[in-house]
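Colleague: Protein sequence lines, in the order shown, are assigned to chains A and B. Just so you know, we're using our numbering here: the first sequence kicks off at 420 and counts up by one. Just so you know, we're using our numbering here: the second sequence kicks off at 4 and counts up by one. All C-beta atoms, glycine included, are put in the ideal place defined by N, C-alpha and C. Just dropping this structure here.
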Amino acid sequence: MDLIDKSLKEATNFFHNFFATEKIVYRDGFLQKLDARFKIPGMLVLLILPLSTFDPLKLSPMFFLIAFFILSSKIEPKLFLSRVWLFPLFSFIVVLPKAFFFEGWGIGFSESGLIYALIFSMRVFIAVSILSLVILTTPFSEIISTLRFFRVPESFISVLVLTYRYITLTFSEMLRILLARESRRVKRLSFSEVWKNGGNALGVLFIRILERSERVYLSSLSRGGFRHKPYTFPLKFRPIEAFFITFVSGFVWWFIWEVHV
Amino acid sequence: MVYLGGSRLKAIVAKDISYTYPDGTVGIEKISLQIEDGERVVLLGPNGSGKSTLIMLLSGLISPSTGDVEILGYKPNKKNVEFLRRNIGVVFQNPDDFLFNPTVKEELLYTPAQLGIPFDEAIEIAEKFAKKFEIEGILEKPPFRLSGGEKKKISIVCSIMLEPRILFLDEPTANVDGKTRRKILGIIEKSKSTIITATHELEIVPRIAERIVLLGIDKKIKADGGLEILENEKLLEEAGVV
Chain A
420 MDLIDKSLKE
430 ATNFFHNFFA
440 TEKIVYRDGF
450 LQKLDARFKI
460 PGMLVLLILP
470 LSTFDPLKLS
480 PMFFLIAFFI
490 LSSKIEPKLF
500 LSRVWLFPLF
510 SFIVVLPKAF
520 FFEGWGIGFS
530 ESGLIYALIF
540 SMRVFIAVSI
550 LSLVILTTPF
560 SEIISTLRFF
570 RVPESFISVL
580 VLTYRYITLT
590 FSEMLRILLA
600 RESRRVKRLS
610 FSEVWKNGGN
620 ALGVLFIRIL
630 ERSERVYLSS
640 LSRGGFRHKP
650 YTFPLKFRPI
660 EAFFITFVSG
670 FVWWFIWEVH
680 V
Chain B
4 MVYLGGSRLK
14 AIVAKDISYT
24 YPDGTVGIEK
34 ISLQIEDGER
44 VVLLGPNGSG
54 KSTLIMLLSG
64 LISPSTGDVE
74 ILGYKPNKKN
84 VEFLRRNIGV
94 VFQNPDDFLF
104 NPTVKEELLY
114 TPAQLGIPFD
124 EAIEIAEKFA
134 KKFEIEGILE
144 KPPFRLSGGE
154 KKKISIVCSI
164 MLEPRILFLD
174 EPTANVDGKT
184 RRKILGIIEK
194 SKSTIITATH
204 ELEIVPRIAE
214 RIVLLGIDKK
224 IKADGGLEIL
234 ENEKLLEEAG
244 VV
């Protein structure tokens, strides 16, 4: 199996699993218990906070916060890390050139550039972790229901629902094509053949997605509608929600105070 | 409402309908059909004879290129779409096209939510059907992780749980094991709806139909009648079914 196929298969599996959270979402954990209408805005605030600073001393408590959420929500740390590691690594590789500069005919190394790349990746890790915590602990229908509650424009919600619906479709279709190609391969391909076949596979993928998306659209019509209308429930404000609000407010107050002092 | 022939309500009336896909492929050609309320019809035909296209047209999901379709007395349009969706269930050939929610539970609650059925009532119906079809253990699972037979079962449950007046089934027993097949045929036999089933499997036809509409590879009706069509081997051979 060549590198392109292997990478595509790995990426497909990774993203497919990223959205499949059935094991965790219904556990009896801290974040799972929270009403999504408190949890999502609270987590959004926590997601924005690290974007306001590059100071590692101010960012590092966020790691403890994430660890607290992981443990209190009964999420296996290994599983959690397997979901988020790729994003900071990718951003680190993208920003890493900042640690090098041209010096005459040679290349110089900048310590501050490396620190910048590390902190940048740290921020990405925190943001992706918080987003991942929300996805892992909130059923998709509740996320949509919350967006409706906050009067997010209908067109935005529709785009989100469609993206979610078709992302699974795209990856399952891609995986099917890759497995079918693999099952019919009898010899090792040359580099040019790999690229040519890869291009063909991509073309087939687009055609198949287009055809399937039309059928999915028709099936959603047959089931009563195109725009997703999830059930909404009465707002819950219990001690757990009060604790979460106090906790997030305290953290925000400390973070802003720390940043400004 | 349309009453023809003086007695039973016509569930579906199709007059000279044809459908051509955007790339020029002919889906079906000049088909006229009347299906009475409560009737059990099988659309029998070989692969590529237009059975699935005909189901899409007769259920009002796509509009014919030429001709007219009336469902329960209404021509499908934006004004009556909710009435039609409430009264029509469609089971697609490929359950992967049909199941697009994150969990089986959300699949079951999707249609009731779209049609504005109160949550408590929807949960009650979903639980009743989940128990009846032994899918309680997979309610929290994402549909794409299920086996082909389970997916098919879920899509059928989703379509029948609101007891539609007309139920369309596209190859309901294709690619399922014996147990699931028996269960599906049992559902069709017990249902009180008007049922239109597309299939190319001759052996299931006597169990689920009182009328056969035989489609040929030329995408036209070859014969329309009772179960005696199954005994006409020459006709079935001409149509490409055997």
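1) So A/K425 contacts chain B; which residues on that side make the cut at Cβ distance below 9 angstroms?
2) Using three-state DSSP, classify B/K222 as helix, strand or coil.
3) Within its chain, find whatever has a CB closer than 7 angstroms to the CB of A/D454; leave out the 5 residues flanking it on each side and keep chain order.
4) Given a cut-off of 7 angstroms, decide if B/L102 and B/P167 are closer than it, judged by their beta-carbon atoms.
5) Mapping DSSP to helix, strand and coil, what is B/K13?
6) What does the Cβ neighbour count give for B/D175, buried or exposed, with the cut at 16 atoms within 10 Å?
7) Does B/T183 have its Cβ less than 7 angstroms from a Cβ in chain A?
8) In three-state DSSP terms, what is B/V244?
9) Evaluate B/G92 with the Cβ neighbour count: other Cβ atoms within 10 Å of its Cβ, from every protein chain shown; 16 or more gives buried, anything less gives exposed.
10) Check whether the stretch 196-209 of chain B touches the stretch 29-36 of chain B, taking contact to mean three or more Cβ pairs, one atom from each stretch, closer than 8 angstroms.
11) I'd like the ranges of any beta strand (DSSP E) spanning at least 3 consecutive residues and lying wholly in the stretch 523-566 of chain A.
12) How far does the alpha helix (DSSP H) with A/S501 in it extend, from its first residue to its last?
13) Is there contact between the stretch 148-162 of chain B and the stretch 107-116 of chain B, where contact requires at least three CB pairs shorter than 8 angstroms?
14) What does the Cβ neighbour count give for A/A599, buried or exposed, with the cut at 16 atoms within 10 Å?
15) Does DSSP classify B/T200 as helix, strand or coil?
16) Indicate whether at least one CB of chain B lies closer than 7 angstroms to the CB of A/G622.
17) How about the stretch 667-676 of chain A and the stretch 460-472 of chain A: do they share at least three Cβ pairs that are nearer than 8 angstroms?
18) Where in the stretch 568-616 of chain A do unbroken runs of the alpha helix (DSSP H), each at least 4 residues long, occur, reported from the N-terminal end onward?
19) Would you grab the beta carbon distance between B/G51 and B/I220 for me? Rounded to a whole angstrom, and I think it's under 8 angstroms.
20) Is A/Y650 close to chain B, meaning its C-beta is less than 7 angstroms from at least one C-beta of that chain?
21) Considering only their Cβ atoms, is the gap separating A/P469 from A/L478 smaller than 7 angstroms?
22) Would you say A/L654 lies against chain B (beta-carbon separation less than 7 angstroms)?
23) Three-state secondary structure (DSSP) at B/Y6?
24) Give the C-beta separation of B/F95 and A/S638 to the nearest angstrom, bearing in mind that I take them to be a contact with Cβ-Cβ under 8 angstroms.
25) Using only alpha-carbon positions, find the residue among A/G532, A/V513, A/I512 and A/S510 that is nearest to A/F520.
26) Helix, strand or coil for B/S158, going by three-state DSSP, please let me know.
27) Can you name the start and end residues of the beta strand (DSSP E) that B/F33 belongs to?
28) Can you check whether the C-beta of A/L640 is within less than 7 angstroms of a C-beta belonging to chain B?
29) Of the residues that make up the stretch 62-76 of chain B, which ones have a beta carbon closer than 8 angstroms to any beta carbon in chain A?
30) Expressed to the nearest angstrom, what Euclidean distance is found between the alpha-carbon atoms of B/K195 and B/D40?
31) So, is B/L230 buried or exposed, given that buried needs 16 or more other C-beta atoms within 10 angstroms?
32) Mind checking whether B/Y24 and B/I31 have CB atoms under 7 angstroms apart?
33) Fully enclosed by the stretch 622-659 of chain A, which alpha helix (DSSP H) runs are 4 residues long or longer?
34) Which value, in whole angstroms, describes the spacing of the CA atoms of B/L238 and A/W614?
35) Among B/G48, B/L47, B/V72 and B/P49, which has the Cα closest to the Cα of B/M59?
36) Indicate whether at least one CB of chain B lies closer than 7 angstroms to the CB of A/V400.
Modeller: Let me lay it out:
1) Those within 9 angstroms of A/K425 in chain B number zero; the least Cβ separation is about 22 angstroms.
2) Collapsing the DSSP output to three states places B/K222 in coil.
3) Within the same chain, A/D454 has close Cβ partners L654, K655 and E660.
4) B/L102 is positioned such that its CB atom lies no closer than 7 angstroms to that of B/P167.
5) Three-state DSSP puts B/K13 in a strand.
6) Note that residue 175 of chain B is Pro in the sequence shown here, rather than Asp. Buried, because 16 or more other Cβ atoms sit within 10 Å of the Cβ of B/P175.
7) With 7 angstroms as the cut-off, B/T183 does not count as an interface residue toward chain A.
8) If DSSP states are grouped into helix, strand and coil, B/V244 belongs with coil.
9) Here B/G92 is buried: its Cβ has 16 or more other Cβ atoms, across all protein chains shown, within 10 Å.
10) No, because fewer than three Cβ pairs between the stretch 196-209 of chain B and the stretch 29-36 of chain B fall closer than 8 angstroms, the two stretches do not touch.
11) Listed in chain order, the beta strand (DSSP E) elements of length 3 or more contained wholly in the stretch 523-566 of chain A are 525-528.
12) Annotation for A/S501: the continuous alpha helix (DSSP H) segment containing it runs P496 to V503.
13) Of all C-beta pairs linking the stretch 148-162 of chain B to the stretch 107-116 of chain B, three or more are shorter than 8 angstroms, placing the two stretches in contact.
14) By the neighbour-count criterion, in which 16 or more other beta carbons inside 10 Å mark a residue as buried, A/A599 falls on the exposed side.
15) Residue state, collapsed to three classes: strand.
16) No, A/G622 does not count as interfacial toward chain B.
17) Touching, yes.
18) Runs of alpha helix (DSSP H) with 4 or more residues, each lying fully within the stretch 568-616 of chain A, are found at 573-602, listed in chain order.
19) Correct: roughly 6 angstroms between the Cβ atoms.
20) For A/Y650, the answer is yes, since a Cβ of chain B falls inside 7 angstroms of its Cβ.
21) The Cβ atoms of A/L478 and A/P469 lie closer than 7 angstroms to each other.
22) No, no contact with chain B.
23) Below a pLDDT of 50, predicted positions are generally treated as unreliable, and B/Y6, at 43, falls in that range; the measurement from the model is reported next regardless. Strand at B/Y6.
24) By a beta-carbon distance limit of 8 angstroms, B/F95 contacts A/S638. Their separation comes to about 5 angstroms.
25) Considering only A/G532, A/V513, A/I512 and A/S510, the residue with the shortest C-alpha distance to A/F520 is A/G532.
26) It is helical.
27) The question names Phe, but residue 33 of chain B is Lys in the sequence shown. Element bounds for B/K33: V29 to E39.
28) Judged by the 7 angstroms Cβ criterion, A/L640 is in contact with chain B.
29) Listed by position, the residues of the stretch 62-76 of chain B near chain A (Cβ gap below 8 angstroms) are S62, L64 and I65.
30) Whole-angstrom Cα-Cα distance: 10 angstroms.
31) B/L230 should be labelled exposed.
32) Not in contact: B/Y24 and B/I31 (Cβ atoms no closer than 7 angstroms).
33) Runs of the alpha helix (DSSP H) inside the stretch 622-659 of chain A: none found.
34) If you take the alpha carbons of B/L238 and A/W614, they lie about 50 angstroms apart.
35) Checked all of B/G48, B/L47, B/V72 and B/P49; the closest Cα to B/M59 is B/V72.
36) Nothing about residue 400 of chain A can be read from this structure; chain A reaches only from 420 to 680.
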